[in-house]
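In the working numbering, the protein residues as written are -7 to 472.
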């Protein structure tokens, strides 16, 4: 079985001399720590190099799939070591200019260039803080941002005469992929009344999003959202054992032995298509409330949408699953035990833990107002959770355990904060408390109760005065 190397590991497997991936054998290691790939050992220049030894790395690398070195140019091939030399003869690197210093380089060198020359102009998340008072101090007006196999240049400028902010996000890569990428800016200020959502724009043109900052404070929080339309993130060449079709059908065709002894803890970086999102609750479908051996979800071939195991039970109970909606029950292979965090923090988690981690991950740069009345604290999810303990409240991810009554706490659902209070089986309060009038007017929270992974109702749960022992999941539904 071939394994796709996660990006955080791939970026460490770099040849000292050509700065390409260590994807061509033999791999030579030198006493001073230099590492040389097979490309360089084949050149006359490196033949006269000092003596080194072949690394044992070459003995295990045959089972790995490498991304093409030109992935930032738009190539989505996944290659074994034996395929890399022939592929690189036809897949030629393109030259790009650094938007800050105009130095010209290949795409795979751009991130390294920024880390060595413009490290303060690197965004590690789709958000940043801009101080209008400092816009004259020569701070970088261009940033670079990486999202999976794509690089973007972000330009921001403050027009003091018109008191506007000009924002631009441009994709560095092939026009074909660029035509499938759109972005949308959201600008926040300390005064929440003046939040602005810019219209979505294509990422292959020189269009600017212009924001009037007249009524905003000098500290502005800018975030952007990327939308991919029919964009394929990874491809595998046809002559590899693990072909693209086998990956797409693996959830259907892999009939792994149902034995704990055959399970592995191998961490595999899923292509974006594997981050299956439930169209109802907007969470990934490959998670579970507990550490169960199998995680189920449901796929509709006709509508090409997916429901997580828990939303499917709810829809079925409400008779919203019609005969012509036909859903196929699927399960994740037992050897896919963990997933990397979507915020690129470098950690991986079991499916029963991933939702909670991604809600409170320190790399998640999104700020929330404290939901406690008359408290003006604003912070990201994890510090806010710590702050709420001072108010004697807890805050959870979208699903949580209820052991006994009464219970009262806050819940993160998508980008909203929900206040949840349950004092008895016929006395429950659940409402959005995020200061977003548009969301509150269009959406409302709905609570699903599960007992032993089966949908239930408060009336049917075994409640003896205080004890309830169930799992609750909150979803947002449209106001009718």
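Just so you know, even glycine gets a beta-carbon here, dropped at the ideal spot from N, CA and C.
Indicate whether residue i and residue j have their beta-carbon atoms separated by less than 9 Å.
i: residue 355; j: residue 54; result: no
i: residue 289; j: residue 300; result: yes
i: residue 352; j: residue 380; result: no
i: residue 291; j: residue 322; result: yes
i: residue 439; j: residue 389; result: no
i: residue 467; j: residue 405; result: yes
i: residue 305; j: residue 447; result: yes
i: residue 50; j: residue 1; result: no
i: residue 169; j: residue 136; result: no
i: residue 402; j: residue 386; result: yes
i: residue 13; j: residue 43; result: no
How would you label residue i, buried or exposed, when you count the other beta carbons within 10 angstroms and need 16 or more for buried?
i: residue 395; result: exposed
i: residue 69; result: buried
i: residue 66; result: buried
i: residue 444; result: exposed
i: residue 45; result: exposed
i: residue 398; result: exposed
i: residue 413; result: exposed
i: residue 421; result: exposed
i: residue 52; result: exposed
i: residue 384; result: exposed
i: residue 99; result: buried
i: residue 224; result: Residue placement at residue 224 is flagged as unreliable, the pLDDT there being 39, under the threshold of 50; the coordinate-derived value follows with that caveat. Classification of residue 224: exposed, given that the 10 Å Cβ count is below 16.
i: residue 469; result: exposed
i: residue 465; result: buried
i: residue 88; result: buried
i: residue 295; result: exposed
i: residue 429; result: exposed
i: residue 107; result: exposed
Determine the DSSP secondary structure at residue i, reduced to helix, strand or coil.
i: residue 207; result: coil
i: residue 121; result: strand
i: residue 433; result: helix
i: residue -3; result: coil
i: residue 99; result: helix
i: residue 217; result: strand
i: residue 334; result: coil
i: residue 451; result: coil
i: residue 494; result: No information on residue 494 is available, as it lies outside the stretch -7 to 472 that the chain covers here.
i: residue 3; result: coil
i: residue 308; result: helix
i: residue 376; result: helix
i: residue 469; result: strand
i: residue 321; result: strand
i: residue 345; result: helix
i: residue 355; result: coil
Please determine, among the options, the residue with the shortest C-alpha to C-alpha distance to residue i.
i: residue 357; options: 169, 367, 379 and 334; result: 334
i: residue 416; options: 442, 447, 9 and 459; result: 459
i: residue 391; options: -5, 63 and 276; result: 276
i: residue 163; options: 150, 153, 151 and 134; result: 134
i: residue 112; options: 99, 101 and 92; result: 92
i: residue 166; options: 159, 83, 271 and 122; result: 83
i: residue 64; options: 144, 109, 110 and 77; result: 144
i: residue 125; options: 212, 323 and 467; result: 212
i: residue 148; options: 119, 172 and 170; result: 119
i: residue 363; options: 174, 453, 400 and 410; result: 410
i: residue 142; options: 17, 123, 60 and 74; result: 60
i: residue 16; options: 1, 0, 43 and 47; result: 47
i: residue 350; options: 386, 372, 365 and 77; result: 372
i: residue 336; options: 345, 140, 150 and 18; result: 140
i: residue 376; options: 461, 366 and 359; result: 359
i: residue 449; options: 370, 400, 366 and 309; result: 309
To which residues of the same chain is residue i closer than 6 Å at the C-beta, ignoring the five residues directly before and after it?
i: residue 313; result: 307
i: residue 26; result: 8
i: residue 339; result: 333
i: residue 109; result: none
i: residue 442; result: 463
i: residue -3; result: 56
i: residue 181; result: 208, 209 and 212
Output needed for residue i: all residues of its chain with C-beta closer than 8 Å, excluding positions within five of it in sequence on either side, in chain order.
i: residue 105; result: 90, 95 and 97
i: residue 155; result: 204, 205 and 206
i: residue 433; result: 471
i: residue 271; result: 297, 298 and 299
i: residue 86; result: 62, 65, 98 and 99
i: residue 368; result: 361 and 362
Under the criterion of a Cβ to heavy atom distance below 8 Å, does residue i qualify as lining the ligand NAP?
i: residue 443; result: The ligand content of the structure shown is nil, which means the ligand NAP is not present either.
Can you list, in chain order, the residues of its chain with a C-beta nearer than 7 Å to that of residue i? Leave out the 5 residues immediately preceding and following it.
i: residue 431; result: 408 and 424
i: residue 4; result: none
i: residue 10; result: 29, 31 and 32
i: residue 101; result: 11
i: residue 122; result: 148, 212 and 214
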